[in-house]
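J.: Quick one: this structure, given as structure tokens, is what I'll be asking you about.
Residue numbers (this note's numbering): 226 to 390.
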């Protein structure tokens with residue numbers, strides 16, 4: 226069983242909104258070529274749902290990857306905790322709510338979890354990334370590869386303090 230959960234979501238029809246899923250795909254290709262892919266569970270979706278809480282069971286670490294409109298360039302990286310009150314709608318659910326659902330369902334805290342949010346510029350209805358988003362994606366890929374090379378909570382916490390916030 227994979228020890229680290231990597232979850233990304235986005236809409237390929239909304240321009241830069243697909244940065245998270247694109248980054249996950251690039252990481253998967255890189256991990257396969259590096260012989261490290263089996264350490265990770267790869268989850269890609271259109272948006273987060275309460276069902277994604279089930280993916281956390283048995284994991285030692287989790288990374289949620291998304292695109293953000295108000296994110297500092299080129300990306301942000303930080304630890305997250307469960308919301309006190311799970312929040313969900315049929316439109317969107319933040320990862321902190323997924324953690325809260327896990328905590329409520331399994332009656333235990335989730336593993337250490339982090340969010341990597343890549344700065345998007347254009348979320349209009351179109352395919353493909355803006356030029357700026359392509360650059361942000363490249364920076365985020367280099368950073369995420371560092372994360373996967375040393376998938377421990379301690380190493381990720383140290384990198385959270387160094388990420389470009």
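Built from N, CA and C at the ideal position, the CB exists for glycine as well.
1) Where in the region 266-350 do unbroken runs of the alpha helix (DSSP H), each at least 4 residues long, occur, reported from the N-terminal end onward?
2) Have a look at 269, 226, 293 and 334 and flag the residue whose alpha-carbon is nearest the alpha-carbon of residue 240.
3) Quick check on residue 227: does DSSP put it in helix, strand or coil?
4) Start and end of the alpha helix (DSSP H) containing residue 378?
5) Based on DSSP bridge pairs, tell me the residues matched to residue 232.
6) Near residue 235, what residues of its chain come up, given a Cβ to Cβ distance below 8 Å and the 5 sequence neighbours on each side ignored?
7) Less than 9 Å between the beta carbons of residue 269 and residue 227, yes or no?
T.: Taking the geometry as given:
1) Considered as a whole, the region 266-350 harbours 320-331 as its complete alpha helix (DSSP H) runs of no fewer than 4 residues, in chain order.
2) Shortest Cα-Cα distance from residue 240 to any of 269, 226, 293 and 334 involves 293.
3) Secondary structure of residue 227 (DSSP, three-state): coil.
4) Start and end: 378-387.
5) According to DSSP, residue 232 bridges with 268 and 289.
6) Short of 8 Å from the beta carbon of residue 235, and not among the five residues preceding or following it, lie these beta carbons of its own chain, in chain order: 242, 243, 244, 245, 246, 247, 271, 291 and 292.
7) Cβ distance not < 9 Å, so residue 269 and residue 227 don't count as in contact.
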